[in-house]
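Each residue of the sequence shown is one higher than the one before, counting from 0 in numbering that gives the first Met the number 0.
All residues carry an ideal CB built from backbone N, CA and C; glycine is no exception.
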Amino acid sequence: MKAGAREYLVKPFDTDELSNTIRRTYQLEQQRMGTIENISGNKGQQKIDPQVVTVFGTKGGVGKTTISVNMAAQLTKRTKKKVVLVDLDLQFGDVSVFLNIVPKKTIAELVQERGKLTIDLIESYLIPHISGIKILPAPLRPELAELITPDHILEILAILRR
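Okay, here's the thing in C-alpha cells:
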C-alpha cells in the first residue's frame, strides 16, 4: 500500500468481488478528483493524467492474465476511456490466447522498428478487442524476450501515457 496501491484482493476471490473492488476504487478516485476540482475552482477543466496499473505475480498460474483482462475490460466499460493492455510476461504471455486473438505483430517486432518510437507506430501494433480494450501482445516465442529491454518498456509506456 505504501507504493500507492489503492486497493488489493486476497485469493481466492470471485468476479463480483473483483468488479466491486474496481468500482469502489474508481469511485474513490472520482471523489478525490472532485475535491481537487472544488479546491482549485476549475470544475470541468481538470486534466487527469493517464494511469498505469500493474498486475504482478511471482509465479505462473496465479491468475495474472485473468485479473488483467477483466480489469482492463471493466475499466473500459465503466470509464469510457481508452485502455491498452500491454502483456509484459515476455516469455510466456498469453493475453492474446486468453482473448482468442492471433497477433501478427507483437512487442518484440515493435522494439525492432528502425527509428524513434512514436504514438502512431505503437498504435499500429495495438490489436483492438471487442471488449473495447487494445492489446500489445507479448512475443510469440520465449527467446524473443531477450530483444526487449527495460528502456524499451519505459519508452513504450511513456508514449502511451501521453
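Residue nearest to LEU143 in terms of C-alpha spacing, selected from GLN90, ARG161, THR14 and ASP48: Along the sequence shown, one-based indexing puts residue 143 at 144. Nearest option by C-alpha distance: GLN90.
Beta-ladder partner(s) of ILE126, from DSSP: One-based indexing of the sequence shown puts residue 126 at position 127. Its beta-bridge partners are ILE134.
Burial state of ILE134 (16 or more Cβ within 10 Å): Taking the sequence shown and counting its residues from 1, the one referred to as residue 134 is at position 135. Buried.
Cβ-based burial, ILE118 [other Cβ within 10 Å; buried from 16]: The residue you call residue 118 lines up with position 119 of the sequence shown. With fewer than 16 other Cβ atoms within 10 Å, it is exposed.
For LEU116, three-class secondary structure by DSSP: As a first step, residue 116 is located in the sequence shown; it is residue number 117 there, counting from the start. Here LEU116 sits in coil by DSSP.
Euclidean distance between Cα positions of ARG140 and GLN30: Here residue 140 corresponds to residue number 141 of the sequence shown, with the count starting at 1. Here residue 30 corresponds to residue number 31 of the sequence shown, with the count starting at 1. Taking the straight line from one Cα to the other gives about 44 Å.
Alpha-carbon spacing of GLU6 relative to ASN19, whole angstroms: What you label residue 6 is simply residue 7 of the sequence shown in a count that begins at 1. What you label residue 19 is simply residue 20 of the sequence shown in a count that begins at 1. Approximately 11 Å between the Cα atoms of the pair.
Span of the alpha helix (DSSP H) around LEU84: Residue numbering aside, residue 84 sits at position 85 when the sequence shown is read from its first letter. Not the alpha helix (DSSP H): LEU84 falls in the beta strand (DSSP E), residues 83 to 85.
Segment limits, alpha helix (DSSP H) that includes PHE91: Locating residue 91 in the sequence shown gives position 92, where the first residue counts as 1. Careful: PHE91 lies outside any alpha helix (DSSP H) and carries neither H nor E.
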